Structures are given as structure tokens and as C-alpha cells.
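Heads up, the sequence shown is in the working numbering, so the first residue is 8 and it goes up one at a time.
Yeah, the Cβ is synthetic: ideal placement off N, Cα and C, and Gly gets one too.
Computed from a prediction, not measured in an experiment: that's the story for all the values here.
A short worksheet on the structure shown next.
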Amino acid sequence: MNHAHQVLIVGGGLVGASLAIALDRAGVDTGLVEATPPESMPAVFDERNLSFAEATVNALTALGVLQKLQMPPGPIRRIHVSRQGDFGRLRLDAADYGREQFGQVVVARDFGQALESRLGELSRLIRYRPARFVGLEPEIDGRRIARIAGSEGEQRIGAALVVAADGTASAVRAALGIDTQAHDYCQDLFVARLRTARAPDGSAFERLTDAGPTALLPRGDRHYGLVHGVDRDAADAVAALDDAAFLTRVQTAFGWRAGRFDAVGPRSRYPLRRVVAERTTAARAVLVGNAAQTLHPIGAQGFNLGLRDALTLAELVADGGDPGAPALLAAWAARRHEDRTRTLAFSDGLARLTANPSPLLRPLRSAGLLALNADRGLQAMLAGGAMGYRGDVPALCRGARA
């Protein structure tokens with residue numbers, strides 16, 4: 008064994024890096040295995056626009072990350088949801104719930120740089136980079152042994168708890184023999200920066216269509232973050248469009264609620280698949296973030312859910328004792344059950360219902376939107392979920408600083 012830690016995190020993306028910061032803050036001896044070298048950034052930190060729920064903003068502020076952002080985040084003060092071809096719409100206003108905002112929009116690249124800056128301040132964290140996970144050995148004397156390969160050759164790293172934060176195609180999850188349930192939505196998502204004739208006013212829009220969602224997220228630089236879903240069989244043709252033709256297509260799908268679309272930045276393309284691990288714990292191992300569940304982006308739940316996975320784990324580990332003990336992992340799974348189950352059901356159910364082109368569903372969807380817009384109790388439930396308050400919420404997400 009080359010090194011040993013209380014906790015070894017495999018994956019230095021959004022959730023893995025955030026967990027490392029939370030554990031270091033709690034004084035936990037932690038190792039972080041990262042695929043990218045020190046001068047590079049993980050591919051996930053690109054031009055995508057991340058919608059942080061209020062609970063996520065609370066936690067990342069307490070961890071000292073959001074203070075490192077170079078670009079001001081865009082506040083989400085209002086949420087507007089509608090569906091092409093259906094009557095009715097849902098409008099939520101943070102002021103109605105005594106809030107200044109539901110959350111914030113942050114560019115993934117900027118967030119990655121902020122995380123890197125914060126990680127660089129940690130004195131206890133040991134970073135293995137560039138390194139890739141090779142495999143796991145059975146538990147010996149209360150430790151799992153992870154094999155990693157990097158510039159120093161193969162190393163064996165012991166840990167009382169191994170955390171899989173290595174994404175949708177998790178190698179740690181595969182090594183643990185944990186199966187997944189997968190669903191391909193047969194849609195691709197185009198993501199870009201969008202400029203409109205009038206600046207964002209804090210409104211986030213989600214326009215639902217048969218081919219997927221078209222969303223506008225208010226950034227802090229006078230632009231919107233665009234998310235545009237298309238059928239898989241049309242995606243190559245959409246990718247080949249020039250900027251003018253692409254803007255026309257998006258304007259047609261979205262409408263004119265945000266004004267005229269003037270310019271679009273470079274576009275990135277992602278397939279839409281739901282991948283859910285059948286279990287999230289194993290002997291001295293736990294799955295968090297996309298390794299545990301990769302969601303449809305409708306409702307912007309993915310990273311927010313993964314961060315609550317990580318912070319609940321950090322909270323339990325910080326209480327002391329054996330971080331990989333079966334009782335601790337059982338307590339973590341129990342605390343995450345309601346939030347995970349409800350968020351998975353909400354995301355997948357909304358994606359399937361709103362994309363179903365059946366004319367029989369249109370009056371039902373329209374009636375549902377009208378009812379939601381009129382029922383303050385149902386709106387409050389939706390608003391609470393949008394702000395990240397489902398189930399047993401970690402203390403940092405509730406704004407605790409201790």
C-alpha cells in the first residue's frame with residue numbers, strides 16, 4: 008500500500024471536488040483522484056450553464072467556493088414554464104415566498120476555476136493527478152484498496168471509504184459490480200450562450216415540446232444560457248445549421264417571451280440518457296453524483312441532487328468514527344432516500360409526460376398547468392423542490408455555518 012486515507016474520492020468534477028472541500032473543512036484525511044493534470048480542467052467544466060438551487064448556493068457559499076467566481080452569477084427570481092401546443096402556464100416568483108431568488112446561474116467553466124482555486128487553499132487534501140482508477144481490491148483490516156495509474160506508475164491507495172464520483176460511466180461502480188437501469192430519451196441537447204434584444208431580468212424559462220425542452224437561464228453577463236432539446240434523428244441536421252438558421256429554429260420553438268434572439272455562441276451537444284444505479288452503497292464504498300444517478304436536465308436537478316448526496320456524506324463522516332462502517336453507510340442511504348426517490352420521479356416523469364405527443368394528453372397537461380398556476384399550495388411544493396429543499400436536507404444547504 009502506497010498511501011492510506013480515511014476517505015478516497017475518485018473523480019474531481021463538480022461533486023467530487025465539492026465533497027473534497029467539505030471533508031477537508033471537517034478535518035477528514037482525504038485523497039482525491041483526478042484524471043486531468045494540474046494545468047488542465049475536467050471536460051465537465053465547459054460552457055454549460057449550471058442552475059444552482061438556493062440550497063446549493065447556501066452550501067457553496069459556506070464552503071468558500073462561490074466567493075471565487077470571476078463572473079457574477081445570474082439570479083433566478085422568476086420561473087416560467089409552458090408547453091408548445093398546450094394551454095396554460097406556470098409562473099413562480101421568489102418574492103411570493105419571501106425570497107430574493109430561487110437560485111443562481113453559473114457558467115460551468117467559471118465554477119470549475121472557482122473550485123480549483125478553493126482546492127488550492129486546502130492544506131490536508133492529497134491530490135493524485137493525473138491518475139486514473141484501475142480497480143479495487145477486497146477489504147483488508149478495515150480498508151478498501153484502490154489501484155490507480157498515473158505518472159508515477161500504478162499505486163495502491165487504502166481508504167476506510169472509497170467514494171465513486173467519477174460520472175455516468177463510473178469505473179468504480181463497475182468494479183463494485185453495481186448494475187444500472189438506463190433509459191435513452193432519444194434526444195440530444197444543444198447548449199450555448201444566447202444574446203437577446205433585451206437583457207435578462209431574472210426570469211428563467213422552460214418551454215416544453217415534443218422534441219424536448221428549450222430553456223433560457225439568466226446569466227450574469229447580459230446573456231442567457233440556452234438549452235435546446237431535439238429528436239436524435241434530427242440532431243445531425245441541427246448541428247450543421249449556421250448561427251442564423253439555428254437562432255430561427257430556437258426562436259420558433261421557444262417563442263417571443265424573452266424578446267428577439269440576436270446572437271448565439273459556440274454550441275455543445277450532449278445525448279440525453281437517464282442512468283440510475285440499482286444501489287448506492289457497497290462494502291466501504293458509496294456512489295455520489297452522476298455515478299449514482301444521471302438525470303434528464305429538465306428542472307435542472309442533477310448537480311443539485313448530487314451535491315446533497317455529497318454534503319450529507321460529509322456531515323456523517325465529520326461526526327467521527329469509521330467513515331466506511333456499515334451503520335454509517337446505512338444511515339447515509341436512509342437520509343438520501345426521500346430526496347433521491349422524489350427527485351428521480353419528478354425529473355423522469357416530467358420529461359416523459361411533456362415530450363409525449365399524444366393529442367389525448369394535451370387537455371390533461373393544459374388542465375394541470377392551469378391548476379398548478381392557481382393552487383398556491385402546489386406551487387409552494389414545487390418552489391421548495393426548485394430551491395433544493397426535499398427530504399432530509401444537509402445543514403450547509405440550510406444555511407448553517409458551523
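DSSP, read as helix, strand or coil, puts leucine 143 in strand.
Of all alpha-carbon atoms in Pro145, Val64, Gly71, the one lying nearest the alpha-carbon of glutamate 107 is that of Val64.
Rounded to the nearest angstrom, the Cβ distance from alanine 167 to alanine 138 is 20 angstroms, too far for a contact under 8 angstroms. The three-state secondary structure of glutamate 123, taken from DSSP, is helix. For aspartate 316, the enclosing alpha helix (DSSP H) stretches over residues 309–325.
Exclusion of the five residues before and after alanine 115 leaves Phe52, Asp53, Arg55, Leu57 as the residues of its chain whose Cβ lies within less than 6 angstroms of its Cβ. With respect to the C-alpha of arginine 267, the residue from Leu323, Ala251, Leu351 having the closest C-alpha is Ala251. Annotated three-state conformation of serine 210 is strand, per DSSP. Secondary structure note for asparagine 297: it is in no beta strand (DSSP E), with a DSSP letter that is neither H nor E.
Of all alpha-carbon atoms in Glu128, Ala321, Leu215, Gly296, the one lying nearest the alpha-carbon of phenylalanine 261 is that of Leu215.
DSSP places threonine 37 within a strand segment (E or B) once states are collapsed to three. Proximity of the segment 320–329 to the segment 23–33 meets the contact definition, three or more beta-carbon pairs being nearer than 8 angstroms. The residue among Leu21, Leu15, His10 with its C-alpha nearest the C-alpha of asparagine 311 is Leu21. Under the three-state reduction of DSSP output, glutamate 107 falls in the coil class, being neither helix nor strand.
Boundaries of the alpha helix (DSSP H) harbouring alanine 242: 239–246, taken from the DSSP string.
Contact between the segment 171–178 and the segment 9–19 is present: 3 or more CB-CB pairs across the two stretches fall below 8 angstroms. Nearest neighbour of histidine 303 by Cα position, chosen from Pro80, Phe212, His190, Arg84, turns out to be His190. Non-local beta-carbon contacts of methionine 394 in its own chain, meaning distances under 7 angstroms to residues more than five positions away in sequence, involve Ala60, Glu61, Ala62, Phe109, Gly110 in chain order. Residue range 21–32 is occupied by the alpha helix (DSSP H) that includes arginine 32. When rounded, the separation of the alpha-carbon atoms in arginine 291 and alanine 332 is 7 angstroms. The secondary-structure analysis by DSSP pairs glycine 232 across a beta bridge with Arg200, Leu224. Under the Cβ criterion (8 angstroms, minimum of three pairs), the segment 184–199 counts as touching the segment 231–245. With a beta-carbon spacing of about 15 angstroms, tyrosine 231 and leucine 196 fall beyond the 8 angstroms limit used to define contacts. The alpha-carbon of leucine 336 is positioned some 29 angstroms away from that of glycine 119.
Taking all protein chains in view, the Cβ of histidine 12 is crowded by 16 or more other Cβ atoms within 10 Å, so the residue is classified as buried. If the five residues before and after glutamine 308 are omitted, its C-beta is found closer than 6 angstroms to the C-beta atoms of Leu302, Thr350, Ser354, all from its own chain and listed in chain order.
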